[in-house]
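Notes for the one structure printed next.
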Amino acid sequence: MTSRIQPCPTESGRALPSSFYRRADVIRIARELLGKFIVTGGIGRKTVGMIVETEAYVGVTDRACHAFGGRRTIRNEAMYAAGGIAYVYLCYGLHALLNVVTHRRGAPYAVLIRAVEPIGGLALMRRRRGAQVPDRRLTAGPGSLTQALGIGVRHNGVNLAGPEVRIEDRGVRISPSGIAARPRIGVNYAGADARRPWRFYLLGNPWVSQR
DNA sequence: ATGTCGATTTGCT
DNA sequence: GCAAATCGACATA
Numbered sequence: 026m027t028s029r030i031q032p033c034p035t036e037s038g039r040a041l042p043s044s045f046y047r048r049a050d051v052i053r054i055a056r057e058l059l060g061k062f063i064v065t066g067g068i069g070r071k072t073v074g075m076i077v078e079t080e081a082y083v084g085v086t087d088r089a090c091h092a093f094g095g096r097r098t099i100r101n102e103a104m105y106a107a108g109g110i111a112y113v114y115l116c117y118g119l120h121a122l123l124n125v126v127t128h129r130r131g132a133p134y135a136v137l138i139r140a141v142e143p144i145g146g147l148a149l150m151r152r153r154r155g156a157q158v159p160d161r162r163l164t165a166g167p168g169s170l171t172q173a174l175g176i177g178v179r180h181n182g183v184n185l186a187g188p189e190v191r192i193e194d195r196g197v198r199i200s201p202s203g204i205a206a207r208p209r210i211g212v213n214y215a216g217a218d219a220r221r222p223w224r225f226y227l228l229g230n231p232w233v234s235q236r
């Protein structure tokens with residue numbers, strides 16, 4: 026029995042512990058989620074994607090955050106739970122968007138997953154997305170990756186170390202110089218907060234969303 | 001390459 | 001009623 030030296034993205038890894046999510050610095054967590062893996066589905070229906078693009082939503086003072094000013098609704102209730110669960114909501118009435126809830130209970134911080142690189146279960150992803158969709162657009166964009174991974178609003182509130190949606194560390198290490206920090210997408214209504222560089226992505230990765 | 005538009009749930013006025 | 005953490009189709013250039 027030999028052990029591998031290089032990390033292999035097609036093997037299973039360790040689910041991130043709740044301590045990863047429950048830290049106060051959501052910006053740091055957004056950066057550290059790059060290169061982690063989202064795994065969905067059971068035996069025979071497994072799909073895997075490596076996170077390549079994220080955005081931080083920074084609590085009650087962030088005008089772009091659903092919890093700005095302490096807003097608390099049925100929809101965004103999951104943001105107020107302790108870190109380590111999913112906040113999945115319906116955007117424009119159509120697209121399920123996946124967020125990672127962070128920080129402590131009562132502190133509504135979250136990281137939006139904007140794009141993943143397809144790693145496993147490609148055939149199932151193509152079936153879910155439609156045969157005419159090119160691989161380049163399979164999981165590029167927050168509404169696209171959830172469709173490819175089979176994530177919907179039914180996953181709102183699920184534990185991210187659990188079987189439905191699991192985020193794993195598979196040993197991929199990202200150097201800070203490989204990460205771009207830019208303004209977030211689609212939040213122009215948020216005034217000065219729209220310009221803050223809280224969108225992070227892997228430089229040169231083909232699955233980063235375009236637009 | 002850039003622009004407009006429709007699909008359609010949720011929350012705020 | 002209207003805008004929203006989007007996407008893809010279609011139009012025009």
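Residues 26 to 236 (my numbering) make up the first sequence, in order.
Glycine included, C-beta positions come from ideal geometry on N, C-alpha and C.
Could you tell me the alpha carbon to alpha carbon distance between A148 and Q157, rounded to whole angstroms? Working through the first sequence from its first residue, we reach residue 148 at position 123. Working through the first sequence from its first residue, we reach residue 157 at position 132. Straight-line Cα distance between these residues: approximately 13 Å.
Neighbourhood of D218 by C-beta, 6 Å cutoff - its chain only, sequence neighbours within 5 removed: The residue given as residue 218 occupies position 193 in the first sequence. For D218, where only same-chain residues beyond five positions count, the Cβ hits under 6 Å are D87, R88, A89.
Alpha carbons only, please: which of F93, A111, D194, A106 is nearest the one belonging to N184? On the first sequence, position 159 is the one that residue 184 refers to. Checked all of F93, A111, D194, A106; the closest Cα to N184 is A111.
Exposure label - L58; buried when at least 16 CB within 10 Å: Here residue 58 refers to the residue found at position 33 of the first sequence. Burial call: buried.
Below 8 Å, can you find three or more Cβ-Cβ pairs linking the segment 99–109 to the segment 63–78? no
Under the rule that 16 or more other beta-carbon atoms within 10 Å means buried, what is K71, buried or exposed? As a position in the first sequence, residue 71 is number 46, starting the count at 1. By the 10 Å Cβ count, K71 comes out exposed.
Where the alpha helix (DSSP H) containing A147 begins and where it ends: Translated into positions along the first sequence, residue 147 becomes position 122. With the sequence shown as reference, residue 147 is identified as Leu, and Ala is not the correct amino acid for it. First-last of the alpha helix (DSSP H) with L147: 147–154.
Kindly confirm or deny that the segment 120–132 and the segment 197–214 touch, where touching means at least three C-beta pairs closer than 8 Å. no
Can you tell me whether Q172 is buried or exposed, with buried defined as 16 or more other CB within 10 angstroms of its CB? As a first step, residue 172 must be located in the first sequence, where it is residue number 147. That one is buried.
I believe R139 touches G177 by the beta-carbon criterion, under 8 Å. Please report the beta-carbon distance rounded to the nearest angstrom. Reading the first sequence from its first residue, position 114 is the one you call residue 139. Reading the first sequence from its first residue, position 152 is the one you call residue 177. Actually they do not touch by this definition, with Cβ atoms about 17 Å apart.
One or two residues paired with E193 in a DSSP bridge: Counted from its first residue, the first sequence places residue 193 at position 168. BP columns for E193 point to A40, F62.
Are the Cβ atoms of G145 and V73 separated by less than 7 Å? As a position in the first sequence, residue 145 is number 120, starting the count at 1. As a position in the first sequence, residue 73 is number 48, starting the count at 1. Cβ atoms of G145 and V73: closer than 7 Å.
Evaluate Y82 with the Cβ neighbour count: other Cβ atoms within 10 Å of its Cβ, from every protein chain shown; 16 or more gives buried, anything less gives exposed. Counting from one through the first sequence, the residue named residue 82 turns up at place 57. That one is buried.
Return the first residue and the last residue of the alpha helix (DSSP H) that R96 is part of. Taking the first residue of the first sequence as 1, we reach residue 96 at position 71. No alpha helix (DSSP H) holds R96; DSSP gives it neither H nor E.
Could you give the distance in angstroms between the alpha-carbon of G182 and the alpha-carbon of A206? By one-based count along the first sequence, residue 182 stands at place 157. By one-based count along the first sequence, residue 206 stands at place 181. Approximately 28 Å, taken between the alpha carbons.
Simplified DSSP state of I110, which is helix, strand or coil: As a working mapping, residue 110 is identified with position 85 in the first sequence. Strand.
From which residue to which residue does the alpha helix (DSSP H) around G168 run? By one-based count along the first sequence, residue 168 stands at place 143. It spans 167–174 - the alpha helix (DSSP H) in which G168 sits, taken as one unbroken run.
My output table needs one value for P143: the three-state DSSP class, helix, strand or coil. Position 118 of the first sequence, counted from the start, is the residue given in the question as residue 143. Reduced to three states, the DSSP call for P143 is strand.
Cβ of R47 within 7 Å of Cβ of G94? By 1-based counting over the first sequence, the position of residue 47 is 22. By 1-based counting over the first sequence, the position of residue 94 is 69. No. Outside cutoff.
Excluding the 5 residues preceding and the 5 following G168 in the sequence, name in chain order all residues of the same chain whose CB lies nearer than 8 Å to its CB. Residue numbering aside, residue 168 sits at position 143 when the first sequence is read from its first letter. These residues qualify, in order along the chain: C116, L119, H120, A121, L122.
Within a Cβ cutoff of 7 Å, which residues of the same chain sit near V85, ignoring the five residues on either side of it in sequence? Along the first sequence, read from residue 1 onward, the residue named residue 85 stands at position 60. These residues qualify, in order along the chain: A92, F93, G94, G95, P133.
Determine the closest residue to R209 out of G60, G38, R221, with distance taken between C-alpha atoms. As a first step, residue 209 must be located in the first sequence, where it is residue number 184. Comparing Cα positions, the closest option is R221.
Exposed or buried, what is R179 when buried is set at 16 or more other beta-carbons lying within 10 Å of its beta-carbon? Here residue 179 refers to the residue found at position 154 when the first sequence is read from its first residue. Classification of R179: exposed, given that the 10 Å Cβ count is below 16.
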